[in-house]
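Structure first, commentary second.
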Amino acid sequence: MLTSTSDIADAFPNGEIREYFRHDFLTTLTRETRANQDFSDRTRDTARWAREQIKRQTGMFLSLSFWA
Numbered sequence: 033m034l035t036s037t038s039d040i041a042d043a044f045p046n047g048e049i050r051e052y053f054r055h056d057f058l059t060t061l062t063r064e065t066r067a068n069q070d071f072s073d074r075t076r077d078t079a080r081w082a083r084e085q086i087k088r089q090t091g092m093f094l095s096l097s098f099w100a
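Using the numbering used here, the letters of the sequence shown map in sequence onto residues 33 to 100.
Have a look at this one:
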């Protein structure tokens with residue numbers, strides 16, 4: 033799920049679907065995955081990347097509204 037979320041975010045780099053990335057479960061999922069030592073390093077790295085993609089999506093609105 034994290035990889036799909038990241039790929040979708042990457043496919044829409046201008047924040048066109050940012051409202052979908054504002055759901056709390058995505059933040060919780062990435063946080064818990066990154067913190068869980070039971071997951072492999074690769075899975076935890078994917079969670080880090082997913083979190084960056086989510087931040088980019090949700091942060092895009094703030095930077096665009098600043099210029100409006």
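Where is the CB? At the ideal position from N, CA and C, for every residue including glycine.
What you are looking at is a predicted structure, and each value in this text was computed from that prediction instead of being measured.
Here DSSP, grouped into helix, strand and coil, assigns Glu64 to helix. Rounded to whole angstroms, Ser38 and Glu51 show a C-alpha spacing of 15 Å. Per DSSP, the unbroken alpha helix (DSSP H) holding Ser36 starts and ends at 34-43.
In the displayed model, Gly91 falls within a helix according to three-state DSSP.
Rounded to the nearest angstrom, the Cβ distance from Thr90 to Phe53 is 5 Å, consistent with a contact under 8 Å.
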